[in-house]
Structures are given as C-alpha cells and as structure tokens.
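Data first, discussion second: the structure below is written as structure tokens.
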Amino acid sequence: MTTNDLDPIVANARQAFAKARTPTELENAKAHFVGKAGRITELMKGMAALSVEEKKSRGAAINAAKQAIEAALDERRQALADAELHVQLKAEALDVTLPGRMREPGGLHPVSLTMERIELIFASMGFDVADGPEIESDWHSFTSLNNPPNHPARSMQDTFYVDIKGDDGIPYNLRPHTSPMQVRYAHQHIKKFARRVKAGEPLPEIRVIAPGRTYRVDSDATHSPMFHQCEGLWLGENVSFKDLKVVFTDFCRTFFESEDLALRFRPSFFPFTEPSAEIDIQFQSGPLAGRWLEVAGSGQVHPAVVRNMGLDPEKYIGFAFGMGPDRLTMLRYGVNDLRLYFDGDIRFLRQFR
Ligand code: PHE
Numbered sequence: 595m596t597t598n599d600l601d602p603i604v605a606n607a608r609q610a611f612a613k614a615r616t617p618t619e620l621e622n623a624k625a626h627f628v629g630k631a632g633r634i635t636e637l638m639k640g641m642a643a644l645s646v647e648e649k650k651s652r653g654a655a656i657n658a659a660k661q662a663i664e665a666a667l668d669e670r671r672q673a674l675a676d677a678e679l680h681v682q683l684k685a686e687a688l689d690v691t692l693p694g695r696m697r698e699p700g701g702l703h704p705v706s707l708t709m710e711r712i713e714l715i716f717a718s719m720g721f722d723v724a725d726g727p728e729i730e731s732d733w734h735s736f737t738s739l740n741n742p743p744n745h746p747a748r749s750m751q752d753t754f755y756v757d758i759k760g761d762d763g764i765p766y767n768l769r770p771h772t773s774p775m776q777v778r779y780a781h782q783h784i785k786k787f788a789r790r791v792k793a794g795e796p797l798p799e800i801r802v803i804a805p806g807r808t809y810r811v812d813s814d815a816t817h818s819p820m821f822h823q824c825e826g827l828w829l830g831e832n833v834s835f836k837d838l839k840v841v842f843t844d845f846c847r848t849f850f851e852s853e854d855l856a857l858r859f860r861p862s863f864f865p866f867t868e869p870s871a872e873i874d875i876q877f878q879s880g881p882l883a884g885r886w887l888e889v890a891g892s893g894q895v896h897p898a899v900v901r902n903m904g905l906d907p908e909k910y911i912g913f914a915f916g917m918g919p920d921r922l923t924m925l926r927y928g929v930n931d932l933r934l935y936f937d938g939d940i941r942f943l944r945q946f947r
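Residue numbers (our numbering): 595 to 947.
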C-alpha cells in the first residue's frame, strides 16, 4: 500500500460528514472511519506485517490521515451545533419593534363621574348620601309611595319582578326608581334621632340624595333596562317648593358650569308628590341651545307618603326629586346613545379618563 491510498479515505470521510444532517448521523458516519471497525483502525491493524522502517513512515501517514478526518469531524460537529443554535434562536426571536402589551391607567366610567359630581354638589348643600337595595319589596317601591296594588299609576313603570315573594305575598321587584329610598331613609333617620325626639328635641331635617341603579323593561338608544337614578329628599317643618327651585337650579348650574342655564318646572303627575313637576333645562349656548330638555321628576312629598315615613303630614312637609344621571352624562359630554355606557368599548370609555 502507498500513502496515496489515504487521501481518498480522507476525502470520503469529508464527504460523508458533509452529508450528515444531524449529530446522530454524523456520529454514525464517524464510525466508518475512526470507529473500532473503521477504515483507519483497519489500516493500523494492517501494519503488523511491515518492517520497522516501513511502520514509521506508514504510521505517520495514517496518523496524519486520522488527524485530518478528526479535524473534518470537529468542523462538521461545530457547523451542526451552530445550525441548531441558529434554528433555536430564530424560534425564540423577539421582535423588539412590536408594541408592548401596555397596561393603560384605569379611569372612572362617565356615569360614575356624574354620580361623584352629583354627590359633591349636594354634599356642599348639606345633603347626606344614602344607598339602598336594588331588589325591593312591593311596599317600598309602590304602596308606601301612595301607589297601591291595582292603581293605574303603577303602569307608569314596566317593572321587573323576581321569583321571591315578600311577607305580603307580593313578589319582590328590581326597583324601577330610587324613590323607595325616600321612605327607607326617613325610617333610618327617625330611628337615629329617636332618643333626642323622646327627650323633647325637634327632629333634624331630612336632607338626602340616594343615587343608584334602577330597572325597567325598556331598551332603545335612550333607554336601558338597567339605568341610574338619583333621588333627592328634603323634608322638615318649614321646607317649601321654593326651596326645591333654589336647590335644583343651583345644582344644575353648578353641574353644567353654566350660570345662564334656564329651568322650567312643568306640571306633571306622580302618585308620591302633590303638586308634581317635571324639571326641564335649557342651555343658552352650545349645540343644544334653545331646546327644553327633561332632566328630573319632582314635587312636594304627598301627605300619604309622609305618613308612611312615620311622620305627621300636618307637621312635616318637603319635596323630592328623581333625576337620571345617565341623561345628565349624555348632556354634559354630548353622548348620543345610552347603550355606549354598557358596551364596555375601551375607545369610548378612554375619552373620560
Ligand atoms: N320616581 C320618579 C320616576 O322615576 C321620579 C320622581 C322622584 C318624581 C321624586 C317625583 C319625586 O319617574
């Protein structure tokens, strides 16, 4: 054998290594050349018959070939490892130009902003803020408010009822207005000051607003089955319709930040007030200027309601009103569809942040 027979082996090894697509294939290919039964090992064994001189030169040549093969092997190993790393990096690649998943700062819902504003303004006029149940008894929603069963005035409101009956055998309702809070709050108030009254002191005036959710079978661009109301009640020994006018005018002008806002008290009917009035407002400038817009129902608390509060209607007199914060929000911000409030569309809500 001559040294020339080694070059094709090295060339074959290079070719075989280049063909290997994975580390396993490469190790298999390696076995053919430098493994226990590989070509190089075979050639080594074949040296046994050679002379000492021949062994020296032949051994050196075989070793050189072996080193060349091992170098080729290392090179290919490295190439395969690099390729693998490249694939992995590509798979885990981060596109740093993608916009991040931001957590936007939250904000209050426009109707909540209105509620807060209403509470703030009335608090500044000495009104307490009360909260009450949304699932209400028939007595509180209707009968106590001078609206007995089968009275035609009940059809003024298309009410949702629930499957639970009260002590009177009449199902509970989802309150169609916040007016039940008039009687509820009066009872609380009387209880709170019972000791003082017993000791001969006068009962402090009731001055309260009660904002909250209300429900009616109603659904279009300006009505939602769930909506908001804010009740107001001012009751004492010397409270008159004039006070209602002053308080409500003051409220509207502060709420809309408009000193020349006009108010109109238009005769109306509610079972729980007598006389009753719808309150309309009119802007003097802006896109709604000149139109009368209804914002609240109101009136002097009916003597039957005062009696149901546990008070003497000969002694206590006052007024109540109920307004729609949803409507007030629409007017203040120019929202034209009530349903936007409840869609949860962030593009709408973000404008009020
Ligand atoms: N509760 C009435 C309604 O829902 C509004 C109202 C409240 C009217 C208080 C008079 C007094 O329409």
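Glycine included, C-beta positions come from ideal geometry on N, C-alpha and C.
Below 8 angstroms CB to CB, which residues in the same chain sit around residue i once its five sequence neighbours on both sides are set aside?
i    : result
L707 : T923, F946
Y935 : H703, P704, V705, S818, D920, T923, V929
Q751 : P770, H771, R810
A631 : A625
G701 : L943, R944, F946, R947
Just the C-alpha distance for residue i and residue j, rounded to the nearest angstrom, thanks.
i    : j    : result
T867 : F913 : 8 angstroms
G904 : E825 : 19 angstroms
R769 : T753 : 8 angstroms
R801 : V690 : 59 angstroms
D722 : R697 : 36 angstroms
G629 : T635 : 7 angstroms
A677 : A612 : 13 angstroms
G916 : M820 : 16 angstroms
G763 : P743 : 12 angstroms
M641 : A665 : 23 angstroms
R901 : L797 : 15 angstroms
K660 : A654 : 10 angstroms
R789 : H781 : 14 angstroms
E908 : S718 : 29 angstroms
V899 : G694 : 59 angstroms
D761 : D732 : 10 angstroms
K649 : R633 : 17 angstroms
A614 : K684 : 22 angstroms
C846 : A687 : 59 angstroms
E728 : E831 : 30 angstroms
I776 : P699 : Looking at the sequence itself, residue 776 is Gln, so the reference to Ile does not match. One C-alpha to the other measures close to 38 angstroms.
A871 : K839 : 11 angstroms
L857 : K836 : 13 angstroms
P897 : E799 : 16 angstroms
D978 : R608 : Within the shown structure, residues of the chain are numbered from 595 to 947, placing residue 978 beyond reach of any answer.
R933 : L714 : 26 angstroms
F842 : H822 : 18 angstroms
A724 : K786 : 14 angstroms
S738 : L882 : 38 angstroms
S651 : Q672 : 32 angstroms
DSSP has residue i in a bridge; who is on the other side?
i    : result
W828 : R801, F913
V895 : T867
D812 : Paired residues: none, contrary to the question.
Y755 : N767
I712 : Per DSSP, none; premise fails for I712.
D722 : V802
H872 : Looking at the sequence shown, residue 872 is not His but Glu. R860, G891, per the DSSP bridge assignment.
Q823 : G806
E730 : N767
H817 : D814
Give every residue of the same chain whose Cβ lies closer than 7 angstroms to the Cβ of residue i, excluding the five residues on either side of it in the sequence, and list them in chain order.
i    : result
K759 : P765
K624 : L667
A610 : A623, H626
My assumption, with CB atoms under 8 angstroms, is that residue i sits in contact with residue j. Please give the rounded CB distance.
i    : j    : result
I803 : F864 : Contact flag wrong, Cβ pair sits at about 17 angstroms.
E888 : D874 : 5 angstroms
L637 : R670 : 22 angstroms between Cβ atoms; not a contact.
R885 : Q876 : 7 angstroms
R926 : F850 : 6 angstroms
T616 : L674 : 7 angstroms
G891 : S852 : Their Cβ separation, rounded to whole angstroms, is 22 angstroms, which puts G891 and S852 out of contact at 8 angstroms.
A815 : D931 : 5 angstroms
Please return the same chain residues whose Cβ sits closer than 6 angstroms to the Cβ of residue i, not counting the five positions on each side in sequence.
i    : result
P805 : M709, C824
A662 : V604
N767 : E730, S735, T753, Y755
I712 : C824
P774 : E730, H734, S735
A658 : none
Y910 : L829, V900
V646 : none
S813 : P819
N598 : none
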